[in-house]
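Engineer: Mind looking over this structure? Questions follow.
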Amino acid sequence: MHDINLSLQKTPVLKQSGFTESQAFLESRRCLACPGRYCAASCPIHTPVTEFIAKIREKDYDGALCLIKENNCMPQVTCRVCAQERQCEKNCTRGIKGEPVAIGALERFAVENGVSQKPISLEQSKGRVAILGSGPAGLSCAYSLTIKGYKVDIFEARDYPGGVLAWGIPDFILPKESLDSFLSELDDLGVTIHCGKKISGDQNLHNLFSQGFSAIFVATGSGTEKRLDLPGAESVFTSSEFLETANINPGILQGKFKSIAVIGGGDTAVDAARAALRIGAEKVTLIYRRSRLEMGASRKEIEMAEEEGVDFKFLALPQRILPEGVKCAAMRLTEASFPGGRRNTEAILGEDFVVEAEAVVSALGFAPSEFEGLDVDAKGYLKVGKRFETRIKGVFAGGDAAGSAKSIAAALQSGKLAADCIIDLLKRLSTE
Ligand code: SF4
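Mapping of the sequence shown onto this note's numbering: position 27 corresponds to residue 27, and the numbering continues sequentially without gaps.
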């Protein structure tokens, strides 16, 4: 077990932003303060968008940040990692006839220019809770419990905390300082994170109860990645192997491959391609079986990858991994299986080609991390009830592990709501 001293990781608050003060002011004036609050309604953590933008317009940046923090314990992270174009900005009224209000950039401006009051550290005397997993759901649950007077210990299987925020998101998107500043807040509040401590299975859950924990929250995420099933694919990195090494031990990869091919069409594939450029690859090709229009990745990320020099090879279906690269079949788009669905593809006979690459990374999607001792559904997600409860009394589960989170913000919300359910149970138990 490697307990870490988070106080050693304190870093100065970042002072860099996409917006200057005058740009932020002008952008804030574009908000129409719609009575319907369509933006906030599509935010998984219900950020009071209209209200915090109004504070920026008044140049009250502290007030803006305080409003954001009411529902969101780590805005320094969400302002960097949320795909606002698919959430709040997607439903912004301004977007109907033009550009939506740049809500994400305004949130980041508030984070970098506002100061919020630290939560008061309460005496943690109301009970002890163990949290398994230190990704966004686990961290958010820990924060919500701690500020209400519960003592929280987090057990993390990896040697470092943060889950997907640490291993899966490159630091050109989420600088390490952003996560570290939140971990420092938790440390100040008295949360202990035990790294290198994987807990799974019935017996180990019961051992935690024997050690004095009154409740357990399982937030082990979805870190099991689908592997490419093609001849020659044994040498292919999964995106998690590649991104974790590039994030945590970049020296291992730096300058090692002149050309890298990435297979996939989602955000993770684009992140891996952009990370590949940063570890010194001169030629990075992203291979995707459909067209640009069908890619799941955010438009913003795709555009940035293109600007940085990633070459996109669309309508290409990998067939075999060769020593010199990826043999692909050329594809054409056909009709979608149902109205509004993504278009299907078919191979164009005799039009195979090879994308040359010294290394190949596959980004084909994730499944929940394995966890023994609790029931799972057909897809491997932990089975939970409406209040995050599992079949074992006192054991709750949430975030990606329980299939309830499809984004970082949704995972934060899941952890926060689960904390409320845990508190309800502990209150009931204390009066029985
Ligand atoms: S939908 Fe857009 S314009 Fe309307 S309140 Fe939200 S941010 Fe402002």
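Every residue gets a Cβ at the ideal spot worked out from N, C-alpha and C, and that includes glycine. Note that the structure is a prediction, hence the values are computed from the model and not measured.
1. DSSP has E225 in a bridge; who is on the other side?
2. Counting only the same chain and skipping the five closest in sequence on each side, list residues whose C-beta sits under 8 Å from that of K427.
3. Grab me the residues of T438's own chain with a C-beta within less than 7 Å of its C-beta, minus the 5 sequence neighbours each way, in chain order.
4. Specify whether the segment 189-208 and the segment 222-242 touch according to this definition: at least 3 beta carbon pairs, one from each stretch, less than 8 Å apart.
5. Rounded to a whole number of angstroms, what is the C-alpha to C-alpha distance between E351 and D400?
6. Drop a sphere of 10 angstroms on the beta-carbon of D271, count the other beta-carbons inside from all chains shown, and report buried for 16 or more, exposed for fewer.
7. Could you check which residue in R158, G138 and V81 has the C-alpha nearest to that of L186?
8. Can the beta-carbon of A367 be found less than 8 Å from the beta-carbon of K226?
9. Which first and last residues belong to the beta strand (DSSP E) in which M331 is found?
10. When we look at the beta-carbon of N72 and count the other beta-carbons within 10 Å, is it buried (16 or more) or exposed?
11. Between the C-alpha atoms of F257 and A24, what's the straight-line distance to the nearest angstrom?
12. Quick one: residues in its chain with C-beta nearer than 7 Å to the C-beta of A130, no 5 flanking neighbours on either side, listed in chain order?
13. Less than 7 Å between the CB of A102 and some heavy atom of ligand 1, yes or no?
14. Figure out for me which residue from A347, G168, R128 and D62 has the closest Cα to the Cα of A110.
15. How do the segment 372-388 and the segment 247-254 stand: do at least 3 beta-carbon pairs fall below 8 Å, yes or no?
16. With respect to 7 Å, is the separation between the Cβ of I53 and the closest non-hydrogen atom of ligand 1 below this value?
17. Check this for me: beta carbons of V262 and V395, under 8 Å apart or not?
18. Quick check on this structure: which residue in D60, L132 and V376 has the alpha carbon closest to the alpha carbon of G114?
19. Rounded to a whole number of angstroms, what is the C-alpha to C-alpha distance between A297 and E303?
20. Which ranges does the alpha helix (DSSP H) cover as unbroken runs of at least 4 residues, wholly within the segment 149-212, from first to last along the chain?
21. Using a 10 Å radius around the Cβ and a threshold of 16 neighbouring Cβ atoms, would you call R29 buried or exposed?
22. Using a Cβ-based criterion (distance less than 7 Å to any ligand heavy atom), does C31 qualify as near ligand 1?
23. Could you give the uninterrupted runs of the beta strand (DSSP E) lying entirely in the segment 89-133, keeping only those of 3 residues or more?
24. Suppose the cutoff is 6 Å on Cβ atoms and the five residues either side in sequence are ignored; what does the same chain contact list for Q408 look like?
25. Excluding the five sequence neighbours on either side, which residues of its own chain have a C-beta within less than 8 Å of the C-beta of K55, listed in chain order?
26. Between A142 and G163, what straight-line distance do the alpha-carbon atoms span, to the nearest angstrom?
27. Look at the alpha carbon of A166 and the alpha carbon of S239, and state the distance between them as a whole number of angstroms.
28. For P12, which three-state DSSP category applies?
29. If we count the other Cβ atoms within 10 Å of its Cβ and call it buried at 16 or more, is L315 buried or exposed?
30. Taking only three categories from DSSP, how would you classify P318?
31. Given 7 Å as the limit, tell me if T390 has its C-beta closer than that to any heavy atom belonging to ligand 1.
32. Would you mind working out which of L277, R290, N247 and E234 sits nearest G264, comparing C-alpha positions?
33. Should C34 be counted as a contact of ligand 1 given a C-beta to heavy atom distance under 7 Å?
34. Using only alpha-carbon positions, find the residue among Q211, K118, N91 and D159 that is nearest to G36.
35. How big is the Cα-Cα spacing for K97 and E107?
36. Between the beta-carbon of V354 and the beta-carbon of K327, is there less than 8 Å?
Structural biologist: Let's see:
1. Residue mapping note: residue 225 aligns to position 225 of the sequence shown, counting from 1. When beta bridges are read from the DSSP output, E225 appears opposite F366.
2. Sequence index remark: in the sequence shown, residue 427 carries index 427 (1-based). Cβ within range, chain order: n/a, list empty.
3. With the chain covering only 1 through 432, there is no way to say anything about residue 438.
4. no
5. Within the sequence shown, numbered from 1, the residue matching residue 351 stands at position 351. Within the sequence shown, numbered from 1, the residue matching residue 400 stands at position 400. Roughly 40 Å between the two C-alpha positions.
6. As a first step, residue 271 is located in the sequence shown; it is residue number 271 there, counting from the start. D271 is buried by the Cβ-count criterion.
7. Counting from 1 along the sequence shown, the entry for residue 186 is found at position 186. Per the C-alpha coordinates, the member of R158, G138 and V81 positioned closest to L186 is G138.
8. One-based indexing of the sequence shown puts residue 367 at position 367. One-based indexing of the sequence shown puts residue 226 at position 226. A367 places its beta carbon less than 8 Å from that of K226.
9. For the purposes of this step, residue 331 is taken as the residue at position 331 of the sequence shown. Taken as a continuous stretch (DSSP letters only), the beta strand (DSSP E) holding M331 covers G325 to A336.
10. In the sequence shown, the residue the question calls residue 72 occupies position 72. Counting Cβ neighbours within 10 Å, N72 comes out buried, since at least 16 surround it.
11. As a working note, residue 257 is residue 257 in the sequence shown. As a working note, residue 24 is residue 24 in the sequence shown. C-alpha separation (whole angstroms): 41 Å.
12. Within the sequence shown, the letter at position 130 stands for residue 130. For A130, where only same-chain residues beyond five positions count, the Cβ hits under 7 Å are D153, F155, L208, F213 and I216.
13. Walking along the sequence shown from the start, residue 102 turns up at place 102. No, the Cβ of A102 stays beyond 7 Å of every heavy atom of ligand 1.
14. As a first step, residue 110 must be located in the sequence shown, where it is residue number 110. For the residues A347, G168, R128 and D62, the minimum Cα distance to A110 belongs to D62.
15. no
16. On the sequence shown, residue 53 is found 53 positions in, with the first residue counted as 1. Yes, Cβ of I53 sits closer than 7 Å to a heavy atom of ligand 1.
17. In the sequence shown, residue 262 corresponds to position 262, counting from 1. In the sequence shown, residue 395 corresponds to position 395, counting from 1. Against a cut-off of 8 Å, the Cβ pair of V395 and V262 comes out as no contact.
18. The count along the sequence shown starts at 1 and reaches residue 114 at position 114. With distances taken between Cα atoms, G114 lies closest to D60.
19. Stepping through the sequence shown from its first residue, residue 297 is reached at position 297. Stepping through the sequence shown from its first residue, residue 303 is reached at position 303. If you take the alpha carbons of A297 and E303, they lie about 10 Å apart.
20. The segment 149-212 contains these whole alpha helix (DSSP H) runs: 164-167, 176-189 and 202-210.
21. Position 29 of the sequence shown, counted from the start, is the residue given in the question as residue 29. When all chains shown are included, R29 counts as exposed.
22. As a position in the sequence shown, residue 31 is number 31, starting the count at 1. Yes, since a heavy atom of ligand 1 falls inside the 7 Å radius drawn around the Cβ of C31.
23. 128-132
24. Stepping through the sequence shown from its first residue, residue 408 is reached at position 408. A small correction: the amino acid at residue 408 is Ile; Gln does not occupy that position in the sequence shown. If the five residues before and after I408 are omitted, its C-beta is found closer than 6 Å to the C-beta atoms of V81 and P136, all from its own chain and listed in chain order.
25. For the purposes of this step, residue 55 is taken as residue 55 along the sequence shown, with counting starting at 1. Hits under 8 Å: Y61, G63, A64, L67 and A110.
26. Along the sequence shown, read from residue 1 onward, the residue named residue 142 stands at position 142. Along the sequence shown, read from residue 1 onward, the residue named residue 163 stands at position 163. Cα to Cα, the separation comes out at about 14 Å.
27. Locating residue 166 in the sequence shown gives position 166, counting from the first residue. Locating residue 239 in the sequence shown gives position 239, counting from the first residue. If I take the Cα positions, the gap works out to 14 Å.
28. Locating residue 12 in the sequence shown gives position 12, counting from the first residue. With a pLDDT of 32 at P12, under the threshold of 50, the modelled position of this residue cannot be trusted; read the value that follows with caution. Three-state result, P12: coil.
29. Translated into positions along the sequence shown, residue 315 becomes position 315. Buried is the call here.
30. Position 318 of the sequence shown, counting from 1, holds the residue named residue 318. It is a strand residue.
31. As a first step, residue 390 must be located in the sequence shown, where it is residue number 390. No, the beta carbon of T390 sits no closer than 7 Å to any heavy atom of ligand 1.
32. Locating residue 264 in the sequence shown gives position 264, where the first residue counts as 1. Checked all of L277, R290, N247 and E234; the closest Cα to G264 is R290.
33. Stepping through the sequence shown from its first residue, residue 34 is reached at position 34. C34 Cβ: within cutoff of ligand 1.
34. Sequence index remark: in the sequence shown, residue 36 carries index 36 (1-based). G36 has its Cα closest to that of N91, out of Q211, K118, N91 and D159.
35. Mapped onto the sequence shown, residue 97 falls at position 97. Mapped onto the sequence shown, residue 107 falls at position 107. Cα-Cα distance, rounded: 23 Å.
36. Taking the sequence shown and counting its residues from 1, the one referred to as residue 354 is at position 354. Taking the sequence shown and counting its residues from 1, the one referred to as residue 327 is at position 327. It is a contact, given that the beta carbons lie within the stated cut-off.
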